[in-house]
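Just below is one structure, and these are the notes that go with it.
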Amino acid sequence: MGDQNTSLDESSARHLLRRTGFGAPAANVAAFTGLTRGAAADQLLNFTPAKFKPRGVARYDDSRAEFRAHNSWVKYMITTKLQLQEKLVLFWHDHFANNNDKVGDHSRMSDQNKLFRQFCKGNFKDFVKAVNKDGAMMEFLDTVRNFKDEPNENYARELQELFTLGVKDLSGSPNYAQEDIVQIARAFSGWAWDNKPKAHFNDYDHDYATDFPGRGAKVIYQTHGQFGAAGRDFTQPAGEGAAEIDQVIDIIFQHRDSDAKNTVARYIAAKLLEYFAHPLPAYPAKASIVDGVVSRSGFGASFDIGALVREILVDDFFYETGVGVPFGPTTPKSVKWPIDYVVSTLRLLKMRPKGGDAYINGGSYHALQDQLKAMGQQLFEPPSVFGWNWELSWMSSATLLARCGFARDLISARGSGRFNFHPEKLIDLGLTQPTDIVQAVTDLLGVTDQLTATEITKLVEYLGAGPIDLHDYDTRNRKLNGLFGLVLQSPAYQLH
Amino acid sequence: MSITRRQFIKRTGVAAAGALVVPNVWRHPFVRRAFAETIGDRFFISLFLDGGNDGLNTVVPVSDGSMGTLRTFYEGLRTTGAGGLQLSPTVLNPYSIGNDNNPNLPMATPRTHTPLAVHPGLAGLKTLYDLGKVAVIQGCGYPDYSLSHDTSRKTWQTATLAASGPGWVGRYLESAGYTGNDIPALDIDSEIAADFQQGTTSVIAVDDLENFIFPYDGDYSDDDAAKRTAFAALYAQAASSVQAARHSIGSAGAATLGATDNYPGLNDLYNNDRPSWVAQYNTLDRSTGYGLREIAKVIYGIQNGVSGINARHFQLNNGGYDTHSNQGAETGAHFDLHQELGNAIELFYNDIANMAAGLENKVLIIVWSEFSRRPEQNDSGTDHGSQGPMFVIGGGVNGGVYGSHPNIDPAVAGDDGNTAYSQDPTNPYRSTDIRDVYGTILKHWLNMGEPTIFNPMAPVLTLDSGDPNLYWTAHNFDLGFV
């Protein structure tokens with residue numbers, strides 16, 4: 108059992124960097140080895156969010172519009188030193204999952220991406236209030252089509268179900284009723300997106316209580332959330348109209364589970380724990396882990412995301428995921444997201460995608476966007492408001508072959524320039540013994556302690572009997588590149 | 023919370039995890055053969071309309087008929103003019119499918135005799151309906167319905183009110199005795215849908231067969247065999263791991279590698295033999311037609327004796343049905359979705375029928391969505407609703423309308439404005455429980471007896487407890503549509 112004062116050994120340092128960034132280059136691992144968990148987390152979180160915004164453009168007739176947003180973000184992930192920032196932005200992109208398929212405007216998607224960066228470790232309550240008025244979100248969940256005569260419940264439902272509360276609390280009790288959705292939808296009526304562009308409140312489209320007495324009082328949570336039979340009036344304290352949507356958020360953030368714990372805090376903490384570490388166990392074991400990081404971080408009162416993430420990154424639950432062989436039935440592991448697989452591999456191999464289409468290996472049909480789509484994760488296009496399905500849902504026959512194909516494209520990218528593969532810059536070509544070559548490659552890719560002895564033997568057998576002359580062009584390209592490909596395709600490398 | 027579905031292990035492979043799920047006796051080869059409650063030489067396709075298809079604009083009252091006033095209610099709930107969703111009798115008449123007074127339906131439910139039509143976008147489906155090859159099953163739902171996409175989809179997929187655990191098709195695959203690398207099922211997608219998830223056999227996901235090949239380094243093909251040997255060894259190692267994620271990925275990779283030997287050839291065979299059908303699929307828009315085309319390739323290959331292909335169960339889906347806004351009426355988004363669906367199914371049916379005499383009688387397609395939509399429309403679309411229609415298509419289907427249209431009388435709508443689930447046998451608007459639809463398919467298409475469906479050791483379906491008018495406490499697996 109450890110805590111924030113526990114020192115990081117090399118394996119733990121590699122795990123921390125792998126989960127808070129894309130890949131863990133050896134030099135970074137060395138720099139973090141020996142730090143305490145707390146000092147390491149503080150160092151990773153000590154950044155001011157960058158103002159970076161993907162280069163999405165609004166023009167509908169620009170066939171490159173989707174490439175611009177996608178590729179500029181991927182390239183930023185590869186190059187930025189603020190690796191944890193981008194891991195958090197990805198989390199929020201999945202959490203507030205909007206896709207351009209419906210939004211239809213990459214400039215709004217890019218603005219939203221910038222908002223995610225601005226709030227990535229900020230105050231979650233302020234974050235949700237900002238998302239209420241985000242142009243992509245207002246389009247995606249139909250806030251712009253929510254009028255007093257024709258209420259639209261889409262945002263009111265997902266705000267509760269997916270963004271803040273969840274359908275049920277940790278012990279399985281429902282968090283809200285349909286009536287709460289109906290009332291919250293009234294609060295959001297009349298909000299529009301004008302051409303400035305920013306959110307704008309149209310008084311004449313807003314549902315005032317006097318307009319529709321039959322719709323009841325603007326009160327929510329009379330039956331859920333531990334507010335008592337009176338529920339809470341979201342026209343208070345600042346009255347009806349434009350203030351209602353902030354007041355709804357203020358109430359949601361006071362919603363309590365049946366055992367009196369703050370619902371939003373638990374919901375977000377659980378999701379971040381699973382994002383950075385691995386799936387939580389079933390209730391009630393789940394509650395004790397979640398409540399631990401919430402209470403130590405003060406997130407239930409402060410809603411400070413950075414403080415919550417720090418407590419997750421010093422928790423034993425987080426470090427359990429990173430252990431090496433041997434693996435038992437209860438050893439937790441997590442499947443790398445496709446974007447993590449792609450970006451971390453490019454970073455470890457010191458490769459960069461080429462050109463505006465961001466491709467590798469000689470043709471735009473190898474564009475990273477297509478490769479990621481085949482792996483199941485096209486940025487700016489999560490399949491629905493639920494975001495992507497995590498963990499083993501990432502791994503099917505189709506997506507596995509897409510990962511294998513990406514690895515093949517990397518190791519067969521022959522030519523000059525940094526968008527091609529240059530193993531001579533990564534390992535010592537003077538190595539001649541198969542065991543030494545295998546270790547050099549698995550060390551570089553950070554999976555040496557994740558491979559069983561038998562798996563290492565299979566890789567050694569692949570190389571054949573030594574000595575091997577890696578200076579020979581064909582031998583190197585056939586076997587060393589092949590070895591890199593096999594490790595990138597291996598089950599161990601899909602996990603972290 | 024929504025994360026739980028993500029944690030679910032979609033498929034694991036051969037021995038270890040499966041042994042935890044199903045008693046070992048089921049795995050004994052003689053027991054497997056003795057049961058032989060499998061699909062045999064038939065095919066089953068589950069087509070999911072993702073997002074909540076507006077059933078009330080999919081199967082529509084054309085007039086009030088002799089009992090009830092469903093058309094009058096419809097016209098009150100679905101408006102005309104800008105943003106209006108109402109389909110007029112003039113638009114609907116060419117797509118009439120008779121009324122809901124199907125004499126074949128065994129349930130002694132009173133009927134409203136309401137004349138019905140399908141959405142004009144479904145012209146392709148209507149053609150097959152007129153041939154008697156389409157069953158329209160009205161009011162399909164489940165008790166205590168959820169308006170959450172995720173919860174409701176999982177309820178349909180798992181056929182459990184808890185909305186958790188293996189899928190209903192997955193449980194059938196287990197009980198039917200499929201194991202290891204049998205690969206009895208194929209998902210035309212990049213992931214395995216929850217209805218096909220289970221713990222004992224291999225289900226693979228294929229986006230398209232043409233590219234379902236193992237990627238080798240083309241510059242050094244003399245090393246392909248060595249790479250394949252090493253890859254297979256690494257994945258076999260992982261498959262034998264007791265660690266759950268490694269085990270699952272390992273067996274997925276092993277099954278995938280094997281399948282890449284067999285499946286791409288199906289693509290070449292079909293494209294070579296059936297160029298005019300390829301051309302017709304190519305004229306279709308969007309994904310449903312392409313997905314069905316890939317299934318057609320597999321069926322054609324099996325029909326022509328290609329060995330090593332065991333896939334008999336297929337899943338595919340098409341999104342875009344979450345029409346909160348800009349839904350449209352006889353034109354627009356919902357029309358486009360329906361047109362894609364109807365035309366794709368019609369072409370696929372004709373393709374199959376053309377492959378061999380009677381082959382269409384061995385293929386069954388079910389079309390479903392996680393819920394229908396609110397009877398009362400909003401500005402230009404519809405919010406989440408409750409029960410809705412299913413379609414069952416195939417040469418072996420007894421065509422017609424089954425079950426009752428939901429009662430869209432606003433006076434009896436629930437607090438959420440939706441139609442209520444009911445199993446009251448005297449209710450002329452009684453719901454069709456999805457478990458009865460599944461059970462009918464299991465019994466009459468997948469050849470599984472009721473004792474196996476309800477086997478207490480490994481039930482495929484489980485009755486609810488509670489008020490028999492509000493829950494599914496008695497089953498009827500002889501709905502008659504197949």
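Which chain is which? The protein sequence lines are A and Y, in order.
Everything in the first sequence is counted per the working numbering, starting at 108 for the first residue and increasing by one.
Everything in the second sequence is counted per the working numbering, starting at 23 for the first residue and increasing by one.
Note that CB positions come from ideal geometry on N, CA and C, so glycine has one too.
Within chain Y, the residues that residue i reaches when beta carbons sit closer than 8 Å
| i | result |
| --- | --- |
| lysine 515/A | The sequence shown places arginine at residue 515/A, rather than the lysine named in the question. Here the neighbours are Pro237, Tyr238, Asp239. |
CA-to-CA distance, residue j to residue i, given in whole angstroms
| i | j | result |
| --- | --- | --- |
| aspartate 246/Y | isoleucine 271/Y | 22 Å |
| histidine 578/A | isoleucine 534/A | 12 Å |
| alanine 505/A | aspartate 301/A | 42 Å |
| proline 439/A | alanine 514/A | 25 Å |
| histidine 466/Y | asparagine 420/Y | 12 Å |
| leucine 71/Y | glycine 154/Y | 23 Å |
| threonine 222/Y | aspartate 295/Y | 35 Å |
| histidine 269/Y | alanine 261/Y | 4 Å |
| aspartate 287/A | aspartate 166/Y | 17 Å |
| glutamine 108/Y | threonine 404/Y | 12 Å |
| tryptophan 180/A | tyrosine 600/A | 24 Å |
| glycine 610/A | alanine 316/A | Summary: the structure shown does not reach residue 610/A, with chain A confined to residues 108 through 603, and so no result is reported for it. |
| aspartate 276/A | tyrosine 283/A | 10 Å |
| lysine 249/Y | valine 594/A | 11 Å |
| aspartate 373/Y | alanine 215/Y | 25 Å |
| glycine 115/Y | valine 84/Y | Looking at the sequence itself, residue 115/Y is asparagine, so the reference to glycine does not match. Distance between the alpha carbons of asparagine 115/Y and valine 84/Y: 7 Å. |
| phenylalanine 52/Y | threonine 201/Y | Its pLDDT being 39, under 50, phenylalanine 52/Y is placed unreliably by the model, and nothing is read from it. |
| proline 281/A | threonine 330/A | 10 Å |
| leucine 517/A | alanine 181/Y | 44 Å |
| arginine 93/Y | serine 444/Y | 21 Å |
Cross-chain neighbours of residue i in chain A, by beta carbon under 7 Å
| i | result |
| --- | --- |
| asparagine 400/Y | Glu257, Pro258, Asn259 |
| glycine 313/Y | The contacting residues do not exist; glycine 313/Y stays about 12 Å from chain A at best. |
| glycine 275/Y | Leu507, Pro598 |
| valine 228/Y | Ser504, Ala505 |
Residues near residue i in its chain [Cβ-Cβ closer than 8 Å; skip 5 each side]
| i | result |
| --- | --- |
| threonine 127/A | Leu151, Gln190, Leu191, Lys194, Phe383, Leu420 |
| alanine 375/Y | Leu381, Glu382, Gly417 |
| histidine 202/A | Leu269, Phe270, Lys378, Gly494 |
| leucine 291/Y | Lys319, Tyr322, Gly323, Asn326, Val328 |
Residues near residue i by beta carbon distance below 6 Å, same chain, minus five either side
| i | result |
| --- | --- |
| phenylalanine 334/A | Tyr328 |
| phenylalanine 236/Y | Thr282 |
| valine 43/Y | Below a pLDDT of 50, predicted positions are generally treated as unreliable, and valine 43/Y, at 37, falls in that range; no measurement from the model is reported. |
| leucine 20/Y | Any question about residue 20/Y goes unanswered here, given that chain Y covers just 23 to 504. |
| threonine 559/A | Val432 |
Beta-carbon neighbours of residue i, restricted to chain Y and to distances below 7 Å
| i | result |
| --- | --- |
| phenylalanine 424/A | Going along chain Y, no residue has its Cβ under 7 Å from phenylalanine 424/A, so there is no contact; the nearest lies around 15 Å. |
| serine 597/A | Leu256 |
| threonine 561/A | Gln259 |
Chain-ordered neighbours of residue i on chain A, where CB pairs are closer than 9 Å
| i | result |
| --- | --- |
| aspartate 486/Y | Simply none; closest approach about 18 Å. |
| alanine 181/Y | Within 9 Å Cβ-Cβ: nothing; alanine 181/Y doesn't reach chain A, min ~19 Å. |
Whole-number beta carbon distance between residue j and residue i, since they are thought to touch under 8 Å
| i | j | result |
| --- | --- | --- |
| alanine 372/A | phenylalanine 406/A | 5 Å |
| glycine 332/A | histidine 307/A | Going by Cβ atoms, the distance from glycine 332/A to histidine 307/A rounds to 30 Å, so no, they are not a contact pair. |
| serine 523/A | asparagine 588/A | That pair is no contact at about 16 Å. |
| isoleucine 205/Y | alanine 276/Y | With 8 Å as the limit, isoleucine 205/Y and alanine 276/Y do not qualify as a contact, their Cβ atoms being about 11 Å apart. |
Listed by chain order, chain Y residues near residue i by CB distance under 9 Å
| i | result |
| --- | --- |
| asparagine 584/A | Asp239, Asp241, Tyr242 |
| lysine 440/A | Gln265, Ala266, Ala267, Arg268 |
Under 8 Å from the C-beta of residue i: neighbouring residues of chain A
| i | result |
| --- | --- |
| threonine 278/Y | Ser504, Leu507, Leu508 |
| lysine 249/Y | Tyr569, Gly589, Gly592, Leu593 |
Cut-off 7 Å between Cβ atoms - residues of its own chain near residue i, not counting five sequence neighbours on either side
| i | result |
| --- | --- |
| arginine 252/A | Asn259 |
Problem set entry | Touching by the beta-carbon criterion (3+ pairs, under 8 Å), the region 444 to 459 of chain A and the region 263 to 271 of chain A | Three or more Cβ pairs closer than 8 Å define a contact, and the region 444 to 459 of chain A falls short of that threshold against the region 263 to 271 of chain A.
Exercise. Of all the residues that make up the region 430 to 464 of chain Y, which are near chain D by a beta-carbon distance shorter than 7 Å?
Worked result: Judged by its chain identifiers, the structure shown contains no chain D, and its protein chains are A and Y.
Problem set entry | Contact between the region 121 to 139 of chain A and the region 210 to 230 of chain A (3+ Cβ pairs under 8 Å) | no
Problem set entry | Cβ pair count under 8 Å reaching 3, the region 148 to 163 of chain A against the region 428 to 442 of chain A | no
For this session: Indicate whether the contact test is met: 3 or more Cβ pairs, each with one atom in the region 476 to 491 of chain A and one in the region 250 to 263 of chain Y, closer than 8 Å.
Result: Three or more beta-carbon pairs separated by less than 8 Å are not found between the region 476 to 491 of chain A and the region 250 to 263 of chain Y, which leaves the two stretches without contact.
Exercise. Counting Cβ pairs closer than 8 Å, one from the region 573 to 592 of chain A and one from the region 538 to 548 of chain A, do we hit at least three?
Worked result: yes
Exercise. Would the region 332 to 348 of chain Y and the region 207 to 226 of chain Y be scored as touching if the rule is three or more Cβ pairs under 8 Å?
Worked result: The way I'd put it, the region 332 to 348 of chain Y does touch the region 207 to 226 of chain Y; three or more beta-carbon pairs between them come closer than 8 Å.
Exercise. Pairing CB atoms from the region 352 to 368 of chain Y with CB atoms from the region 138 to 145 of chain Y, are three or more of them under 8 Å?
Worked result: yes
For this session: Report yes or no: do three or more beta-carbon pairs, one from the region 222 to 230 of chain A and one from the region 455 to 471 of chain A, lie closer than 8 Å?
Result: no
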